[in-house]
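This report refers to the structure that appears directly beneath it.
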Amino acid sequence: MIEKRSILIHGLGIALRRLPAFLWTYLFSLVLALFFCLPLKVQLSNLLDQSLAAQRLFSGFDIGTAASAAFQIHGDFGSQAAAFASHGSVPTYLLIYFLLTPGTLFCYLTRTHAQLSTLLRQGLLHFWRFIRITVLTLIAAFFILGPLMLLQNRWASFVDNSFVGMPSLMLRLGGLFIVLLVASLLRLYFDLVEAYTVQLGTEHRSDGRPDHRIRRTLGPAWRLLRHHLLRAWFVFLFLALLGAVAAFFAARIAMHMLAQPRVWPMFLMAQLGMIIMLFTRFWQRGAEVSLVQQHPILYRSSIPITVKNPPPARPAPSPAEHPHVEMIYSIDPLTPLYPAPLSPDDPIAHPQLMDLKPLPTSDPIPPPEPSVPSLDEPDPGVFRHDPQKPQS
Numbered sequence: 042m043i044e045k046r047s048i049l050i051h052g053l054g055i056a057l058r059r060l061p062a063f064l065w066t067y068l069f070s071l072v073l074a075l076f077f078c079l080p081l082k083v084q085l086s087n088l089l090d091q092s093l094a095a096q097r098l099f100s101g102f103d104i105g106t107a108a109s110a111a112f113q114i115h116g117d118f119g120s121q122a123a124a125f126a127s128h129g130s131v132p133t134y135l136l137i138y139f140l141l142t143p144g145t146l147f148c149y150l151t152r153t154h155a156q157l158s159t160l161l162r163q164g165l166l167h168f169w170r171f172i173r174i175t176v177l178t179l180i181a182a183f184f185i186l187g188p189l190m191l192l193q194n195r196w197a198s199f200v201d202n203s204f205v206g207m208p209s210l211m212l213r214l215g216g217l218f219i220v221l222l223v224a225s226l227l228r229l230y231f232d233l234v235e236a237y238t239v240q241l242g243t244e245h246r247s248d249g250r251p252d253h254r255i256r257r258t259l260g261p262a263w264r265l266l267r268h269h270l271l272r273a274w275f276v277f278l279f280l281a282l283l284g285a286v287a288a289f290f291a292a293r294i295a296m297h298m299l300a301q302p303r304v305w306p307m308f309l310m311a312q313l314g315m316i317i318m319l320f321t322r323f324w325q326r327g328a329e330v331s332l333v334q335q336h337p338i339l340y341r342s343s344i345p346i347t348v349k350n351p352p353p354a355r356p357a358p359s360p361a362e363h364p365h366v367e368m369i370y371s372i373d374p375l376t377p378l379y380p381a382p383l384s385p386d387d388p389i390a391h392p393q394l395m396d397l398k399p400l401p402t403s404d405p406i407p408p409p410e411p412s413v414p415s416l417d418e419p420d421p422g423v424f425r426h427d428p429q430k431p432q433s
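Just so we're aligned, residue 42 is where the sequence shown starts under my numbering, counting upward by one.
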């Protein structure tokens, strides 16, 4: 019987028990962000370190000075930094995603310790499968979200022409909210596909190789989402909203710290918001894994045990090797091995029905023979012969 449990609470337990997976992901993200922001930091230092106008950014945040500096960086120095960040950050982020996400799901599903070697090894094993899932996600988003975005643009144009003020803003946000709901549902479906792909990769096919067929996960993921739509979607939206709210308040507090002479409190507050938002994503993954564990594709008891190199089949024994086989097959198949039981009307079974008396039956065990008497000593007349005495 499948255990029913709260995927929200159980998903939190899964994420906390495999906390190193989250920590490694945050560490790689932080290093990646600092590395690709280094050229921008150098350009800002060259522009502001020797300028008196930079004091207006240190003592109190001046939006005009900040906009002027950003425009000058983008126009004079920012082309190389922007090219370096755009051409290097996105591929590196995707590489980290395709390596750490499959390893995290594997540790969540199999309860393996989330060591860096395990994460990277499983990421390499599932690398091309997750690329194919990403391609399927982009195709589905093109055919589903593309028409919705066109409808949203037409809806926004209609609202701008018909309404003003707060009603116009609320109606435009309402259309955008519907698009976001559909996008979240699409993201949840392909999250389940990824979890089922990793779960199926732990099984083996009849030839002994791991199962890499992604098409086998599309149907089970759709049925799981259809049967548990409200529960899974509610948890997904709740955690996404929780992470967005935490990031919003952390960014708002960090913006109020811009006028302080010290930078590290603002940095810590911004990183706190990023940590909470990233952890809610891992919490979502834990909830999805909890749902997949309750409804797996294959049960362990139904998986046939296969051997890569089975031993050759032993030939049937010949009659020469087993004499009893020859004896059985030498008998006529129409002749029974044992005689049939006697019927009640058979006179042999009832001797009183015959004129003759039944023959006496002999005792199967004969009486023992009398024992030979033992003598104390042999007869001297038998064993001793005296030749001097005449025989009578």
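Think of the CB as a built atom: it goes at the ideal place given N, C-alpha and C, for glycine as much as any other residue.
The model shown is predicted, which means the values in this text are computed figures rather than measured ones.
Secondary structure note for D201: its alpha helix (DSSP H) is the uninterrupted segment 168-203. The shortest CA-to-CA distance from A56 to any of G314, P251, T153, L265 is the one to T153. The alpha carbon of Y138 has as its nearest neighbour, out of T151, I174, L150, the alpha carbon of I174. Shown here, P337 sits in coil according to DSSP, grouped into three states, outside any helix or strand. If you draw a straight line from the Cα of M190 to the Cα of L313, it comes to about 33 angstroms. Shown here, H269 sits in coil according to DSSP, grouped into three states, outside any helix or strand. With a 10 Å radius around the Cβ and a threshold of 16 neighbouring Cβ atoms, A262 comes out buried. Around the Cβ of P143, a 10 Å sphere holds 16 or more other Cβ atoms; the residue is buried. Taking L280 as the centre and dropping the five residues before and after it, the same chain places the C-beta of T321, W324, Q325 closer than 6 angstroms to its C-beta, in chain order. Sequence-distant Cβ neighbours of L186 in its own chain, meaning closer than 8 angstroms and more than five residues away, are V220, V223, A224, L227.
Here the segment 288-305 does not lie against the segment 195-207, with fewer than 3 beta-carbon pairs under 8 angstroms apart. Around the beta carbon of T145, 16 or more other beta carbons lie within 10 angstroms, which makes this residue buried. Beta-carbon to beta-carbon, V276 and A328 are separated by about 5 angstroms, close enough to satisfy the 8 angstroms threshold. Contact between L299 and L266 fails: their C-beta atoms lie close to 44 angstroms from each other, not under 8 angstroms. Restricting attention to L179, K82, Q156, Q334, the CA atom closest to the CA of W65 is found in Q156. Contact check for S130 and F77: beta-carbon distance about 5 angstroms, within the 8 angstroms limit, so the pair qualifies. Residue environment analysis places A273 among the buried positions, since at least 16 neighbouring C-beta atoms fall within 10 angstroms of its C-beta. Classified as buried, L160 has 16 or more neighbouring CB atoms from the shown chains inside 10 Å of its CB.
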